[in-house]
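Asker:
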Amino acid sequence: MLTIGVDIGGTSVRAGVVDNRGTILDTARVGTPSGADALNDAIVSVIGSLSARHQVTAVGLAVAGFVATDLKTVMFAPHLAWRRAAVAERISAKIDLPVVLEHDANAAALAEYRYGAARGAKVAVLIAIGTGIGAGLLLNGKIFRGAHGVAPELGHLRIVPNGRPCSCGKAGCWERYCSGTALSATAIELLSGHPGQSTVLAREAAGDARSITGRKVAGAARDGDPVALRAMAELARWLGEGLALVADIYDPEVVVIAGGVSESAPLFLDDAREIYRDTVTGAGYRPLARIRTAQLGDDAGLVGAATLARDVLNGRH
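My numbering puts the last residue of the sequence shown at 338; the count rises by one with no breaks.
(1) Just how far apart, CA to CA, sit Leu343 and Ala106?
(2) Going by other Cβ atoms of all chains shown within 10 Å of its Cβ, with 16 needed for buried, is Gly26 buried or exposed?
(3) Which residue from Trp259, Gly170 and Ile68 puts its Cα closest to that of Lys115?
(4) Only counting runs of 3 or more residues, tell me where the beta strand (DSSP E) segments fall wholly within the segment 103-146, in order along the chain.
(5) Gly137 and Ala326: beta carbons closer than 8 Å?
(6) Taking Cβ positions, are Val238 and Ala208 nearer each other than 8 Å?
(7) Go to Ile154, then tell me how far its beta strand (DSSP E) extends in each direction, as first and last residue.
(8) Can you find the residues in the same chain that come closer than 7 Å, C-beta to C-beta, to Asn41, ignoring five residues on each side of it along the sequence?
(9) Say whether chain B places a C-beta atom closer than 8 Å to the C-beta of Gly325.
(10) Could you tell me the distance, in whole angstroms, from the CA atom of Gly157 to the CA atom of Ile148?
(11) With a threshold of 8 Å on Cβ separation, who are the neighbours of Leu46 within its own chain once the five nearest residues in sequence on each side are excluded?
(12) Could you give the distance in angstroms between the alpha-carbon of Thr220 and the alpha-carbon of Met253?
(13) Would you give the residue range spanned by the beta strand (DSSP E) that Val276 belongs to?
(14) Applying the 10 Å Cβ sphere with the 16-neighbour rule, what's the burial state of Ile270?
(15) Rounded to whole angstroms, what's the CA-CA distance from Ala139 to Asn127? Just pull it up for me.
(16) Does the structure place the segment 185-194 close enough to the segment 159-169 that three or more beta carbon pairs sit under 8 Å?
(17) Among Ser66, Ser70 and Thr32, which one has its Cα closest to the Cα of Pro54?
(18) Would you call the CB atoms of Gly81 and Trp103 closer than 8 Å?
(19) Return the chain-ordered list of same chain residues with a C-beta closer than 6 Å to the C-beta of Ala293, the five sequence neighbours on each side being excluded.
(20) Who does Ala36 pair with in a DSSP beta bridge?
(21) In this structure, does DSSP put Pro308 in helix, strand or coil?
(22) Quick check: Leu212 and Val181, are their CB atoms within less than 8 Å of each other?
(23) Can you give me the Cβ contacts of Ala230 inside the same chain, cut-off strictly under 6 Å, excluding the 5 residues immediately before and after it?
(24) What is the DSSP secondary structure of Thr94, reduced to helix, strand or coil?
(25) From the DSSP output, in three-state form, read off Ile150 for me.
Put into structure tokens, the structure is as follows:
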């Protein structure tokens, strides 16, 4: 049984044909258009190109936004045009296939549970660290969505009182200290506090501080730039502190670190593990979660959405 998973992000719509072992057999991609109707048409287009080449039975959409518990409605997607939109129904009517929706971090968590770093864990948490923080929670292999479909929003746990302002309206959210965006902000703060430093990042900032991205900070850290290394140490600190909070709430068996920032895990993950180990409640007297990096990379959301579509079709959800 083949299903299609579609990962819908702010810049691209990626689709893939996935078999029951989680293997991607074929892919298609288009840019993400603005406007709800144009976005629906783009999704129909990539699904159509794949279903013309493969006999598929269902489609799953991984969405960066709040998905209702019916797995059919997008309530809110900050980087997409949908607002209280019956997306599954509209897409299904155009492609004549069953369609289900899922939050992209939940989809990625399901894929890592079935085929990757969280395989078989009784309680597994996925932390996707990119521009912000997305999260997914699996209990005995079942996605936990909360009462209204929006859990768990771990990136917006307030970890620093009166800290950096967040786009959610609060201040001090975890993702403002532990993300690609946070890495950039930390590096700029360090540079402004110590002007005159002769480092790669300092020279970059002298031209335009906005050009310092999280990716550039990570690259400079690999090259030994002292400011970048300090910024990485701060990210490790806040990752470890946040993981201790997550462990206090969920007591997970496995935590999977995913997202673009996870590609730089050798620069921060060991330090984060140490901070987590020393900070968690009952440190030294309780089992600790295994903290692993994701195995499926950018494909996890796509694979997870396709897997969920298969589960729903087979009555396993």
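Don't be surprised by glycine CBs; every beta carbon is placed ideally from N, CA and C.
On a predicted model such as this, the values are computed, not experimentally measured, just so you know.
Answerer: Once the coordinates are examined:
(1) The structure shown does not extend to residue 343, since the chain spans only 22 to 338, so no value can be given for it.
(2) Buried, by the Cβ-count rule.
(3) Measuring from the Cα of Lys115, the nearest candidate turns out to be Ile68.
(4) As far as the segment 103-146 is concerned, its whole beta strand (DSSP E) runs of at least 3 residues are 104-106 and 120-124.
(5) No.
(6) Less than 8 Å divides the Cβ of Val238 from the Cβ of Ala208.
(7) For Ile154, the uninterrupted beta strand (DSSP E) run begins and ends at Ile154 to Leu160, by DSSP.
(8) So the qualifying residues of the chain are Met22 and Arg331.
(9) Going by chain labels, chain B is absent from the structure shown, which holds only one protein chain.
(10) Here the alpha carbon of Gly157 sits roughly 7 Å from the alpha carbon of Ile148.
(11) Once the five neighbours on either side are set aside, the close Cβ partners of Leu46 are Leu23, Gly37, Val38, Val39, Asp40 and His75.
(12) About 15 Å.
(13) Under the DSSP assignment, Val276 falls in the beta strand (DSSP E) whose first and last residues are Val275 to Ala279.
(14) Per the 10 Å Cβ criterion, exposed.
(15) In a straight line, the C-alpha of Ala139 is about 13 Å away from that of Asn127.
(16) No contact exists between the segment 159-169 and the segment 185-194.
(17) Measuring from the Cα of Pro54, the nearest candidate turns out to be Thr32.
(18) With respect to Trp103, Gly81 sits apart: the two C-beta atoms are not nearer than 8 Å.
(19) Excluding sequence neighbours, Ala293 sits near Ala257, Leu260 and Gly261.
(20) Residue pairing by DSSP places Ala36 opposite Val27 and Ala49 in a beta bridge.
(21) Three-state result, Pro308: coil.
(22) Going by beta carbons, Leu212 and Val181 fall outside the 8 Å limit.
(23) Here the set comprises Ile209.
(24) If DSSP states are grouped into helix, strand and coil, Thr94 belongs with coil.
(25) Ile150: strand per DSSP, three-state reduction.
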